[in-house]
Every structure is written in C-alpha cells, then in structure tokens.
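The structure under discussion appears below in the form of structure tokens.
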Amino acid sequence: MNDLYARHRGVMPDWLALYYDDPMEITHGEGRHVWDAQGNRYLDFFGGILTTMTAHALPEVTKAVTEQAGRIIHSSTLYLNRPMVELAERVAMVSGIPDARVFFTTSGTEANDTAMLLATTYRQGNTVVAMRNSYHGRSFGAVGITGNRTWSPTSLSPLQTLYVHGGVRTRGPYADLDDRAFIDACVADLRDLLGQTRPPAALIAEPIQGVGGFTSPPDGLYAAFREVLDEHGILWISDEVQTGWGRTGEHFWGWQAHDQSGPPDIVTFAKGIGNGMSIGGVIARAEIMNCIDANSISTFGGTQITMAAGLANLAYHLEHDLQGNARRVGGLLIELLRGVTAGLPGVREVRGRGLMIGIELVKPGTDEADPAAAAAVLETARRNGLLIGKGGGHNTSVLRIAPPLTLTVAEAEEGAAILENALGSTY
Ligand code: PMP
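Next comes the structure, spelled out in structure tokens:
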C-alpha cells in the first residue's frame, strides 16, 4: 500500500470509492494526458466525464482563472456578479429552452436537488419518477432518485420515488424485445406506475445513463414517455451532467437525440463546463424557475472564479467546434474499438455516441456480467499508460470511455491499441 493510500485509509470514509488496487495520485496534466506522482504519463480516456471537458491545463481557462484570482474571489451571493450573469446568458442561449433562467450550483448533485425543489414546488407534490439504474448524485435528495444500487446507500428519502423500466435493456424481463416492443413495455410500466398514485411532479432521466454503464434507451422511448407525461402535466427533467455540451457528437444536449417534441421542462448540468472548476446548474423556463417564493442562495454556486473558467471554456468549445470533434473522433474511436474487439468472447457490445463509449464485458460464453474482467482491463490499461472508467448496474462490468473533447485521431488510435492489448490479455 503506498504511503498516501495508507494515510487516505486512515482518515477518509471507507465508502469513498477509489480506482485501482494501488490507487494513484495524479499530480498534473496537459491536453489529453496526466502524470502520476511517480512521473508516469497516461493518456486520459476518462477525465472528460470526470471534469475536464476540453483539455487538461487549457491555457485559455488557466489565464481566465488566474486573472480572476488576482482580482477577487468572492461568493456570488448578495452582490451583482458580472461573470455569473454573462455565463448564464450564454448557457440560456445554447440551452434551447425558451425564456430560460439559469441557477448555478457547485455540483451535479446540488443541481438535481434544486430541480427536485423546483418540480415538487411547482407541482405541489413530492412523488417523482426516476429510471431504474439511474445515477443523479450523492445527497440525501439525489440518492432518493438514484436507481443504481451500487451508488445508493440508503432507501430512505424525502421524496416518494417510482422507478420505471427503460434504463437497462441488456438484461432482465425485456432483454429479448425489439425496440418497438421494448418502448411499448416501458410505456405500459409508466402507465402502471401512474395508476398507483396521484400524478407525480416530474420524471427525471439521463439521456444516456452514465454511471449506469453508458446505456442508451432506444430512439423514441423518451418521446413516448413525454406523451404520457404531457397528459398529466408531469414535468420532464433531463439530467445532462454527462451528456451535455456536445459530448454525444450529433447533438449539443443528450435530450435532442430522443425527443424532437421540444426541450425538457428542466435541464441539469455540471462536471465539464468548468473544465475542472466546480460548476453545476439548473436551466428552466421562467415560470418554473420562479415558482419559489422565498429567498434562496448558494454561497459558492457561481463564484467569479468558477464562472470565469466556464466562460473561457465555453468560448473555446464553441470556437473550436468541439461537438464536431466529438462526432468525428468519437465516431472513429467507436469503429476502431468495434474492430479490435471483434471476436473477443468476453465483449458483449461496444456502444455509444460521440465521445461517450461503453464496452460491456461478460463471462465468455454467458450473458453474465464480468466485473472482475473489467477491473483487470482497467489495471492492464493503466500499466500500459491509459486511464479508462467503469460502470454499469449492480456489477460494474462496462468499460467507460469519455476523453476530453479535444481528443485527436492519433490519440484515439493510440488508446484503441492499448485497449486491444488489455482486452486481448484478459480474454
Ligand atoms: N448526474 C449524473 C448523470 C452524474 O453522472 C453525476 C456524477 N457522476 C451526478 C449527477 C452528480 O454530480 P456530482 O458528482 O457533481 O454531484
């Protein structure tokens, strides 16, 4: 056990999840690479989800943050905050939501908590629908809408939550259905749930389940849900913490892949928009955002320094068409990974959109999840200089790939070769 790990174990909670048998300390980064305390260099195929949307140590963001730090770092509360207003204007503009209002938080968890506050207040009821296998954060409220047992430490909740099918398709009672039959079954499940209670306040869903293993519902499922929700005035909340900002390539927001009938009532975001600085937030049309009639503030949500990072990062993103890069390089990477995994008995599926790619592993010859293999591939890839993530259901047996959005073709090829080797030596 390395010294820092021993000290970590001595003072941090046991439930704070860490990757790798010998957990690593990352000391610096540049572009799509990071270095550990021993000076080893890694190609980072996971940092894009973990926070670094664009690139490690992006000079434009570093400059904006340093300049702001030299002027003032103050909380956003109680005084006007120019970078916060400017970023809110830009976020509202790209949100696709009419008459949008934006509230900044420090995390995705807090963004989803705020969405719950808005939805339950607006609709005057504390029942919500969430998806099986979902992940929405770690607070008491967010855990109450998280359907992924691995990340859900308590079943107590301030909300009454109904979990609807639609999250996991690969196993369970609906596994053998085609898309149309699956959608019909999930809609029937939703109607069944609605029949058991007075209409819930909202349904919250990730367009692609992130922690849940990069599983995407079939096209048309969320649109079909939306029709049912509209019959009852139930709000539609899209958790874009992983799928927002062009990560899925074809679309700027994940919901756009599913539902052409118009934007969600509420969108939540976080992670990469600050390129490492802690920004989360909620977007909703004014009527919903302003349904609260008491004061509310967030001391650290929207501080000048995080907003400066967000402004510089979003400007870089739009100027360099990073959504287009996610589409092009992500498309190539999916093809490369399908190629190098073809014929491997333990690879059930390579799936994804843009730079959000999952490789689902099973015990060869079976349909059983293989978390041990996923852990082994992570270790081998690390030894060979590549960082990836994992996720998926009760058994984390999906490799998750979500690099910074500036990934180059050469880096995609390098990473695919390392994965070919890591998977080849596992199976
Ligand atoms: N929603 C989704 C879809 C997420 O993936 C996450 C984080 N993994 C969260 C919410 C919570 O975000 P945070 O960790 O910033 O609280």
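Numbered per our numbering, the sequence shown spans residues 1 to 427. Just so you know, even glycine gets a beta-carbon here, dropped at the ideal spot from N, CA and C.
Under the three-state DSSP convention, the category V362 falls into: On the sequence shown, position 362 is the one that residue 362 refers to. Three-state DSSP puts V362 in a strand.
For K390, the first and last residue of its enclosing beta strand (DSSP E): Position 390 of the sequence shown holds residue 390. Note, K390: beta strand (DSSP E), G389 to G391.
Residue span of the beta strand (DSSP E) that contains Q160, given as start and end: For the purposes of this step, residue 160 is taken as residue 160 along the sequence shown, with counting starting at 1. Unbroken beta strand (DSSP E) run through Q160: Q160 to V164.
Do S76 and M307 have their C-beta atoms within less than 9 Å of each other? Translated into positions along the sequence shown, residue 76 becomes position 76. Translated into positions along the sequence shown, residue 307 becomes position 307. Their beta carbons are under 9 Å apart, which means S76 touches M307 by this criterion.
What separation, rounded to the nearest whole angstrom, lies between the Cα atoms of D293 and L118? Here residue 293 corresponds to residue number 293 of the sequence shown, with the count starting at 1. Here residue 118 corresponds to residue number 118 of the sequence shown, with the count starting at 1. Looking at the two C-alpha atoms, the distance is approximately 11 Å.
Less than 8 Å separating the Cβ of A142 from some heavy atom of ligand 1? Stepping through the sequence shown from its first residue, residue 142 is reached at position 142. Within the cutoff, so yes.
For G246 and I283, what's the separation of their Cα atoms in angstroms? Against the sequence shown, residue 246 aligns to sequence position 246. Against the sequence shown, residue 283 aligns to sequence position 283. Taking the straight line from one Cα to the other gives about 17 Å.
Would you list the one or two residues that DSSP bridges to Y42? Here residue 42 refers to the residue found at position 42 of the sequence shown. Paired residues: V34.
With hydrogens ignored, establish whether the beta-carbon of A111 is closer than 8 Å to any heavy atom of ligand 1. If you number the sequence shown from 1, residue 111 lands on position 111. It does: the Cβ of A111 is within 8 Å (strictly closer) of some heavy atom of ligand 1.
Straight-line Cα distance separating A175 from A315: Looking up residue 315 in the sequence shown gives position 315. Looking up residue 175 in the sequence shown gives position 175. So the alpha carbons of these two residues sit roughly 42 Å apart.
Under 8 Å from any heavy atom of ligand 1, does the C-beta of D239 make it? Numbered from its first residue, the sequence shown carries residue 239 at position 239. D239 Cβ: within cutoff of ligand 1.
Between the Cα of D230 and those of R71, R191, I357 and I297, spot the shortest distance and give me the residue it belongs to. The residue labelled residue 230 in the question sits at position 230 within the sequence shown. Comparing Cα positions, the closest option is R191.
Would you check if the segment 137–145 and the segment 156–164 touch, i.e. whether three or more CB-CB distances between them fall below 8 Å? yes
Relative to the C-alpha of L80, which candidate in V347, N295, Q304 and G280 has its C-alpha closest? As a position in the sequence shown, residue 80 is number 80, starting the count at 1. Of the listed residues, the one whose Cα sits closest to L80 is Q304.
Rounded separation between M131 and H258 - CA only: As a working note, residue 131 is residue 131 in the sequence shown. As a working note, residue 258 is residue 258 in the sequence shown. Straight-line Cα distance between these residues: approximately 15 Å.
Strictly by DSSP, which residues pair up with E349? What you label residue 349 is simply residue 349 of the sequence shown in a count that begins at 1. According to DSSP, which records beta bridges pairwise, E349 is partnered with E360.
Less than 8 Å separating the Cβ of L390 from some heavy atom of ligand 1? Translated into positions along the sequence shown, residue 390 becomes position 390. The question names Leu, but residue 390 in the sequence shown is Lys. No - ligand 1 has no heavy atom lying nearer than 8 Å to the Cβ of K390.
Curious, which full-length alpha helix (DSSP H) runs of at least 4 residues does the segment 52–98 contain? 59–71 and 82–95
State yes or no: is the C-beta of A270 nearer than 8 Å to some heavy atom of ligand 1? Taking the first residue of the sequence shown as 1, we reach residue 270 at position 270. Flag set: Cβ of A270 near ligand 1.
In terms of alpha-carbon separation, which member of T51, P23, R82 and F46 lies closest to S278? Here residue 278 refers to the residue found at position 278 when the sequence shown is read from its first residue. The candidate whose alpha carbon is nearest that of S278 is T51.
Which listed residue (P218, A69 and W35) has its alpha carbon closest to that of A185: Taking the first residue of the sequence shown as position 1, residue 185 is located at position 185. It is P218 whose Cα lies nearest to the Cα of A185.
Just mark W236 as buried or exposed, buried being the case when its beta carbon has 16 or more other beta carbons within 10 Å. Against the sequence shown, residue 236 aligns to sequence position 236. Classification of W236: buried, given that the 10 Å Cβ count is 16 or more.
Ligand 1 and R138: does any heavy atom of the ligand fall closer than 8 Å to the residue's C-beta? Within the sequence shown, residue 138 is the residue found at index 138, counting from 1. Under cutoff, so the answer is yes.
Am I right that F269 and V228 are in contact with their C-beta atoms under 8 Å? What's the rounded C-beta distance? In the sequence shown, the residue the question calls residue 269 occupies position 269. In the sequence shown, the residue the question calls residue 228 occupies position 228. That belief does not hold up - the Cβ atoms of F269 and V228 are roughly 25 Å apart, past 8 Å.
State the Cα-Cα distance for the pair L387 and A402, rounded to the nearest angstrom. Taking the sequence shown and counting its residues from 1, one reaches residue 387 at position 387. Taking the sequence shown and counting its residues from 1, one reaches residue 402 at position 402. Whole-angstrom Cα-Cα distance: 10 Å.
Using CA atoms only, rank isn't needed, just tell me which of R7, P59, D3 and R101 is closest to N275. Counted from its first residue, the sequence shown places residue 275 at position 275. Looking at the Cα atoms, P59 is the closest of the given residues.
S238 (DSSP reduced to helix, strand or coil): Reading the sequence shown from its first residue, position 238 is the one you call residue 238. S238: strand per DSSP, three-state reduction.
Determine the closest residue to R353 out of L405, V85, G330 and R41, with distance taken between C-alpha atoms. If you number the sequence shown from 1, residue 353 lands on position 353. Here the closest residue by C-alpha is G330.
Counted within 10 angstroms of its Cβ, other Cβ atoms place R7 as buried (16 or more) or exposed: Locating residue 7 in the sequence shown gives position 7, where the first residue counts as 1. Looking at its Cβ environment, which holds fewer than 16 other Cβ atoms inside 10 Å, R7 is exposed.
Measuring alpha carbon to alpha carbon, tell me which of V168, R138 and G281 ends up nearest S155. Working through the sequence shown from its first residue, we reach residue 155 at position 155. It is R138.
Can you tell me the Cβ-Cβ gap for A412 and L333, rounded? I've got them flagged as a contact below 8 Å. Taking the first residue of the sequence shown as position 1, residue 412 is located at position 412. Taking the first residue of the sequence shown as position 1, residue 333 is located at position 333. Yes, they are in contact, since the Cβ atoms of A412 and L333 sit about 4 Å apart, within 8 Å.
Under 8 Å: does the beta carbon of S76 sit that close to some heavy atom of ligand 1? For the purposes of this step, residue 76 is identified with residue 76 of the sequence shown, where counting begins at 1. Not so, every heavy atom of ligand 1 lies at least 8 Å from the Cβ.
Which value, in whole angstroms, describes the spacing of the CA atoms of E250 and T408? The sequence position of residue 250 within the sequence shown is 250, counting from 1. The sequence position of residue 408 within the sequence shown is 408, counting from 1. Their Cα atoms are separated by approximately 18 Å.
Whole-angstrom C-beta distance between M24 and D36, which should lie under 8 Å: To locate residue 36, count along the sequence shown from 1; it is residue 36. To locate residue 24, count along the sequence shown from 1; it is residue 24. Correct: roughly 5 Å between the Cβ atoms.
Based on Cα-Cα distance, which residue from R71, V94 and M53 lies nearest to W253? One-based indexing of the sequence shown puts residue 253 at position 253. For W253, the nearest C-alpha among the options comes from V94.
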